[in-house]
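Undergrad: This is the structure I have questions about; it appears just below.
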Amino acid sequence: MQENNLSVKAYKILEELIVTLKLEPGKTYSEKELMALSDISRTPLREALLKLSNESLLNIIPRRGIEISDINMANQLSILETRRVLDNLLISKATKYATTLEKNKILDFKKHMIEAVEKKDVIEYLRNDKQLDQTIFETARNEYAANATAPLHIRSRRFWYYFKGSDDLEASAKVHMDLIDAIVASNEEKAIELSDKIINNLVEVVKKYMNI
80 MQENNLSVKA YKILEELIVT LKLEPGKTYS EKELMALSDI SRTPLREALL KLSNESLLNI
140 IPRRGIEISD INMANQLSIL ETRRVLDNLL ISKATKYATT LEKNKILDFK KHMIEAVEKK
200 DVIEYLRNDK QLDQTIFETA RNEYAANATA PLHIRSRRFW YYFKGSDDLE ASAKVHMDLI
260 DAIVASNEEK AIELSDKIIN NLVEVVKKYM NI
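Numbering (this note's numbering), first residue to last: 80 to 291.
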């Protein structure tokens, strides 16, 4: 059980290092470097790396090291296209199935995200964004859609952090606050509209940098 907990911890640490670009896109690292960065022993680290590799967030190259997946604009459009379908499904289900307890939990993230914006703490904002996503996924009661979209969200968070970050913090928070309110109000139509808006905003950023 402890080993499993350590691999989960290693995964969370490495995921955040990838999202916040501490592990640079396209760069190759040794196991020793990643052990030092995560402060996790070899076995749980390898378990976390395998999961991240399965999610296409990194590539394990025998005798060379661990290569962090690059940020590819064309791929990002495909990621967002897929996310839109999965996110709308999950958010639709969340508006229908959320219990009072789950709604209160979702509302808590609104407070935490507002605090992060006020402090201009992008990393703390992203941590709460991730936890909000996970709570919505759990509320939707569809683990297959949740498991499929989770790694796409990681790539989207990294993309947003790289290209927008603190410059877009308040605008990003506003649409997420509205989404939280729609889910808590069980307003499926409004929640899906806001989910689409989040995707549309990211698509516009991609197109801007691709000049299309």
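Where is the CB? At the ideal position from N, CA and C, for every residue including glycine. Just so it is clear, the structure is predicted and the values come from calculations on it, not from any experiment.
Could you have a look at residue 156 and say whether DSSP puts it in helix, strand or coil?
TA: Reduced to three states, the DSSP call for residue 156 is helix.
Undergrad: For residue 275, which option in 94, 162, 228 and 153 has the closest C-alpha, if you only look at C-alpha atoms?
TA: Nearest option by C-alpha distance: 162.
Undergrad: Residue 127 and residue 90: beta carbons closer than 8 Å?
TA: A contact, by the Cβ cut-off of 8 Å.
Undergrad: Looking at the structure shown, is residue 105 part of a helix, part of a strand, or coil, going by DSSP?
TA: Three-state DSSP puts residue 105 in coil, outside helix and strand.
Undergrad: If residue 216 sits next to residue 159, beta carbons under 8 Å apart, how far is it from one beta carbon to the other, in whole angstroms?
TA: Actually they do not touch by this definition, with Cβ atoms about 18 Å apart.
Undergrad: Would residue 270 and residue 261 qualify as a contact pair, given that the criterion is a beta-carbon distance under 8 Å?
TA: Taking 8 Å as the Cβ cut-off, residue 270 and residue 261 qualify as a contacting pair.
Undergrad: Go through its chain and collect everything with a Cβ distance to residue 88's Cβ below 7 Å, but skip five positions before and after it.
TA: Once the five neighbours on either side are set aside, the close Cβ partners of residue 88 are 119.
Undergrad: Can you tell me where the alpha helix (DSSP H) holding residue 136 begins and where it ends?
TA: Taken as a continuous stretch (DSSP letters only), residue 136 belongs to no alpha helix (DSSP H), as it is neither H nor E.
Undergrad: In chain order, what residues of the same chain have a beta carbon less than 7 Å from the beta carbon of residue 249, not counting five sequence neighbours either side?
TA: Taken in chain order, the residues that qualify are 196.
Undergrad: Residues in its own chain within less than 6 Å of residue 181 by CB, not counting five upstream and five downstream?
TA: Around residue 181: 218.
Undergrad: Leaving out the 5 sequence neighbours to the left and right, which residues in its chain are closer than 6 Å to residue 108 when beta-carbon positions are compared?
TA: If we look at residue 108 and ignore the five residues flanking it on each side, its Cβ neighbours are 144 and 145.
Undergrad: Pull up the distance between the alpha-carbon of residue 111 and that of residue 124, whole angstroms please.
TA: Cα to Cα, the separation comes out at about 10 Å.
Undergrad: So which of 171, 227, 221 and 167 has the shortest CA-CA distance to residue 130?
TA: Out of 171, 227, 221 and 167, 227 has the C-alpha closest to the C-alpha of residue 130.
Undergrad: Identify whether residue 202 lies in helix, strand or coil by the three-state DSSP scheme.
TA: Helix, per DSSP.
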